[in-house]
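Trainee: Numbering (full-length UniProt numbering), first residue to last: 1 to 547.
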Amino acid sequence: MEKVLVIDANARCSGKRFATLDVIGVGPRLVTALLESYGFEAVLHPYENIMSNPKLVRNYDVVAISFMVSDATAVQKLLKLLKRFRKNRGLVVLGGPGTLDEAVLKALDFDVAFIGEAEYTLHYLFRRCGYCSFYEIVHEIGSSKEVPKGLAIKRGNRIVSGGLGYWVPKDLLFKVIPEVNDLENYPYYWACRIYVEVVRGCSNFCRPSVASSCSECRVCSSEDLSKRVICPAGIPPGCGYCNVPLIHGYARSRDTYSIVEEVRRLLDLGATRIVLSAPDFLDFGRDAKVRDILTDPCNSSPNIDMIEKLLEELANIEQVSEGKASISIENIKACLMNREVAEVLGRYLKNTAVYIGLESCSNKLLNIVGRPSKCEDVLNAIKLLADKGLRPYVYLIHGLPHEDVEDIKKTIEVIPLLKDLGVERIVLYKFRPLPKTAFEKIDKVVGAFDPEIPKYQEVLKEEIRNFNTYRKMEFIGRHIDVVIASKHHRYPHYLVGYPLTHGPVTLVKISKRYIGYLARVKIVKALSDRIVLGELVHIKQKIVRNP
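1. Would you identify the three-state DSSP class for residue 548, choosing helix, strand or coil?
2. Below 7 Å CB to CB, which residues in the same chain sit around V267 once its five sequence neighbours on both sides are set aside?
3. Under a three-way DSSP split, which group does H139 fall into?
4. Candidates E312, K80, P451: which alpha carbon is nearest M51's?
5. Along the chain, which unbroken stretches of the beta strand (DSSP E) at least 3 residues long are found entirely within the region 158 to 215?
6. Kindly indicate which three-state DSSP category D111 falls into: helix, strand or coil?
7. Is the region 5 to 16 touching the region 149 to 164, taking contact as three or more C-beta pairs under 8 Å?
8. Indicate the three-state DSSP secondary structure (helix, strand or coil) for D268 in the structure shown.
9. Do three or more CB pairs link the region 169 to 182 to the region 136 to 147 at distances below 8 Å?
10. Report the three-state DSSP secondary structure of I464 (helix, strand or coil).
11. Taking the alpha helix (DSSP H) that S328 falls in, what are its first and last residues?
12. Bridge partners of E41, per DSSP?
13. Compare the Cα-Cα distances from V210 to each of Y241, V544, E223 and report the closest residue.
14. Does V423 come out as helix, strand or coil in the three-state DSSP assignment?
15. State the CB to CB distance for the pair V427 and P392, rounded to an integer number of angstroms; the pair is presumed to be in contact (CB under 8 Å).
16. Kindly indicate which residue of C217, V180, D287, M337 has the alpha-carbon position closest to the one of I274.
17. Could you say which of C13, I382, T20 lies nearest to S417 if we only look at CA atoms?
18. Taking the alpha carbon of F467 as the point to measure from, which residue in L536, Y514, E413, L30 has its own alpha carbon closest?
19. Which residues share a DSSP beta bridge with P302?
20. From the DSSP output, in three-state form, read off D529 for me.
21. Buried or exposed: which applies to K542, given that a residue is buried once 16 or more other Cβ atoms fall within 10 Å of its Cβ?
22. I want to know whether the region 503 to 516 touches the region 477 to 488 - three or more CB-CB distances under 8 Å.
23. Using the C-alpha atoms, what's the distance from L536 back to S203?
24. Go to D481, then tell me how far its beta strand (DSSP E) extends in each direction, as first and last residue.
25. List the DSSP bridge partners of D280.
26. Kindly indicate the opening and closing residues of the alpha helix (DSSP H) around A152.
27. Following the continuous alpha helix (DSSP H) through S321, name the residue where it begins and the one where it ends.
28. Can you tell me whether DSSP reads H398 as helix, strand or coil?
29. Give the straight-line distance between the Cα atoms of S222 and R228, rounded to the nearest whole angstrom.
30. Considering only residues of the same chain and omitting the five flanking positions on each side of I523, which have a CB-CB separation below 6 Å?
31. Measure the C-alpha to C-alpha separation of C220 and G357 and round it to an integer number of angstroms.
32. Give the single residue among R432, S215, I368 whose Cα lies nearest to the Cα of D404.
33. Along the chain, where does the beta strand (DSSP E) that runs through S52 open and close?
34. Tell me whether the region 177 to 196 and the region 279 to 296 touch, counting them as touching only if at least three CB pairs, one residue from each stretch, are closer than 8 Å.
35. How should H489 be labelled, buried or exposed, when 16 other C-beta atoms within 10 angstroms of its C-beta is the threshold for buried?
36. Rounded to whole angstroms, what is the Cα-Cα separation between R286 and S253?
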């Protein structure tokens, strides 16, 4: 079988990562394991490894690149490098969210691209069709009139696509554990937030209320949950800015044993910060409570028993129970939060960060974009989480379609309340239309013709900067455990530490021989709204043998 080099180019933008340097996603690890399950010799490397040592590509028959739409420039640079360092370019396979944009595909030099989820498409190609190599697939499809669903090829300057891949059925989903050992190819993997998938897909099959083609048929609220999947008007499901429901389907939970086994392997390798990844962690196990598919974001209630079983098993892993590693969760929907859920989360995840989407405090705008929760629901969820010892991080978005000055004012006005409720950090995003979303081609952006909009957006940004800086100043005097990752790129006399339970990037002036250690530090200064300065209290333990 062919040798495949899988390259993680996610979040590399124009060729360099500027934010979330401590994140390792699940997608490329999963693809690597899937390829190995079909007999390929697959190895995973991060983008930087190939750019700094391009001779690596000479050892492989196929290069498979995972990327997002915003990473197109980085991928172009990578492809140019392939031409320079391989006499025969070999095959180039593309995958990840970046392949959803046809304009991006037209700009890239590739042989075959996977569109949407890959599991069923791989099964179809290598089991049902009996192909034995990517070369065979490219040769056969290249001369065929039809392209299978879930694939795209390039013929000259024209993209020929079979369309979005099928949602992976339960019998093919979560059949392999994502690659673990290749994490050693990532710089300071031991200090990174490593994402472990627990739920595939999203339960929000509501749709934006302003889509021009909406006939108000009320399919989105049908009691027959399977009817919510198909919109007669063709409007993609979910929030108008998000393509997860269309690309990945309704929520399907992973088996508890598989999750725990993957986490064990990661911790045994030296990982310290595990994030349970899902569009909504509280969807975990909810699909077991409904007879139909799970397409209702707020009913039924969370599966407390399954959530507690998972968190208890993870908490009992030696590294976690001894405080050498942490478990946290990624996202929750406010409409599923209640006191019982908060108690369970607080029991096992106390002092960890938890992200929750607020997006705006204008209920009018939230309804327009298809959010299942109101502002009040999110504020209540934040209070419940903070009261049980979790540290809420809140997402906001500005520039949403149909956002007006009053909407922005409402969000600005709620920021002091977020401080009182215990929110530790606010993350502000600018709306950008993504492919395969209801807002992909929307043109109703009020800011385009209301000169007051940009003014209030700047006020919002400044308020959030002040909020985050204030919160960093509150860290002064605290003792926290950080995982020492690397030298700082701007301040080489300082080492970068990432808080074990998440938090601000922490700079510590200690010897580089402590890279790969867990250390207790005292925060002495807030350097910005993102970075704090720490002083070493004591070294707790060595995490990896040879960092």
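No residue lacks a Cβ here, since even glycine has one placed at the ideal position from N, Cα and C.
Mentor: Quick look at the numbers:
1. Residue 548 lies beyond the residue range present for the chain, which begins at 1 and ends at 547; the question has no answer from this structure.
2. Looking up residue 267 in the sequence shown gives position 267. Per the sequence presented here, residue 267 reads as Leu, with Val not at that position. Setting aside the 5 residues that flank it on each side, L267 is surrounded in the same chain by I317, Q319, A325, each with a C-beta closer than 7 Å to its C-beta; the list follows chain order.
3. The residue labelled residue 139 in the question sits at position 139 within the sequence shown. Reduced to three states, the DSSP call for H139 is helix.
4. The residue given as residue 51 occupies position 51 in the sequence shown. The shortest C-alpha separation from M51 is found at K80.
5. Taken in chain order, the whole beta strand (DSSP E) runs of length 3 or more contained in the region 158 to 215 are 158 to 161, 193 to 197.
6. On the sequence shown, position 111 is the one that residue 111 refers to. Coil.
7. Contact between the region 5 to 16 and the region 149 to 164 is absent, because fewer than three Cβ pairs lie under 8 Å.
8. Within the sequence shown, residue 268 is the residue found at index 268, counting from 1. In this structure, D268 counts as helix in the three-state DSSP scheme.
9. The region 169 to 182 is not in contact with the region 136 to 147.
10. In the sequence shown, residue 464 corresponds to position 464, counting from 1. If DSSP states are grouped into helix, strand and coil, I464 belongs with the helices.
11. Counting from 1 along the sequence shown, the entry for residue 328 is found at position 328. Not the alpha helix (DSSP H): S328 falls in the beta strand (DSSP E), residues 326 to 332.
12. Start at 1 with the first residue of the sequence shown, and residue 41 comes out as number 41. Per DSSP, K3.
13. Here residue 210 is taken as the residue at index 210 of the sequence shown, counted from 1. Of the listed residues, the one whose Cα sits closest to V210 is Y241.
14. Counting from one through the sequence shown, the residue named residue 423 turns up at place 423. Reduced to three states, the DSSP call for V423 is coil.
15. The sequence position of residue 427 within the sequence shown is 427, counting from 1. The sequence position of residue 392 within the sequence shown is 392, counting from 1. In this structure, V427 and P392 do not form a Cβ contact; the two beta carbons are roughly 11 Å apart against a cut-off of 8 Å.
16. Looking up residue 274 in the sequence shown gives position 274. For I274, the closest C-alpha among the options C217, V180, D287, M337 is that of V180.
17. Numbered from 1 along the sequence shown, position 417 holds the residue referred to as residue 417. At residue 417 the sequence reads Leu, which differs from the Ser that was named. Measuring from the Cα of L417, the nearest candidate turns out to be I382.
18. Along the sequence shown, one-based indexing puts residue 467 at 467. Out of L536, Y514, E413, L30, E413 has the C-alpha closest to the C-alpha of F467.
19. In the sequence shown, the residue the question calls residue 302 occupies position 302. Looking at the DSSP output, P302 sits in no beta bridge, so it has no partner there.
20. Taking the first residue of the sequence shown as position 1, residue 529 is located at position 529. Residue state, collapsed to three classes: coil.
21. Mapped onto the sequence shown, residue 542 falls at position 542. It is exposed - the Cβ of K542 has fewer than 16 other Cβ atoms within 10 Å.
22. Taking a cut-off of 8 Å for Cβ pairs, the region 503 to 516 and the region 477 to 488 touch, as three or more such pairs fall below it.
23. As a position in the sequence shown, residue 203 is number 203, starting the count at 1. As a position in the sequence shown, residue 536 is number 536, starting the count at 1. S203 and L536: Cα-Cα distance of roughly 45 Å.
24. For the purposes of this step, residue 481 is taken as residue 481 along the sequence shown, with counting starting at 1. Segment 479 to 487, the beta strand (DSSP E) holding D481.
25. In the sequence shown, residue 280 corresponds to position 280, counting from 1. None; D280 has no bridge partner.
26. Reading the sequence shown from its first residue, position 152 is the one you call residue 152. A152 -> not in any alpha helix (DSSP H); beta strand (DSSP E) instead, spanning 151 to 155.
27. In the sequence shown, counting from the first residue as 1, residue 321 sits at position 321. In the DSSP annotation of this structure, the continuous segment of the alpha helix (DSSP H) that includes S321 starts and ends at 318 to 321.
28. As a position in the sequence shown, residue 398 is number 398, starting the count at 1. Strand, per DSSP.
29. Indexing the sequence shown from 1 puts residue 222 at position 222. Indexing the sequence shown from 1 puts residue 228 at position 228. Looking at the two C-alpha atoms, the distance is approximately 6 Å.
30. Residue 523 sits at position 523 when you count from the first residue of the sequence shown. If we look at I523 and ignore the five residues flanking it on each side, its Cβ neighbours are F475, I476, R478, V532, G534.
31. Indexing the sequence shown from 1 puts residue 220 at position 220. Indexing the sequence shown from 1 puts residue 357 at position 357. If you take the alpha carbons of C220 and G357, they lie about 21 Å apart.
32. Here residue 404 refers to the residue found at position 404 when the sequence shown is read from its first residue. Minimum Cα-Cα distance from D404 among the listed residues R432, S215, I368 corresponds to I368.
33. Working through the sequence shown from its first residue, we reach residue 52 at position 52. Membership of S52 in any beta strand (DSSP E) is not indicated; the residue belongs instead to the alpha helix (DSSP H) covering 47 to 52.
34. Fewer than three beta-carbon pairs drawn from the region 177 to 196 and the region 279 to 296 are found closer than 8 Å, and the two stretches are therefore not classed as touching.
35. Taking the first residue of the sequence shown as 1, we reach residue 489 at position 489. Answer is exposed; the Cβ neighbour count stays below 16.
36. Counting from 1 along the sequence shown, the entry for residue 286 is found at position 286. Counting from 1 along the sequence shown, the entry for residue 253 is found at position 253. Cα to Cα, the separation comes out at about 8 Å.
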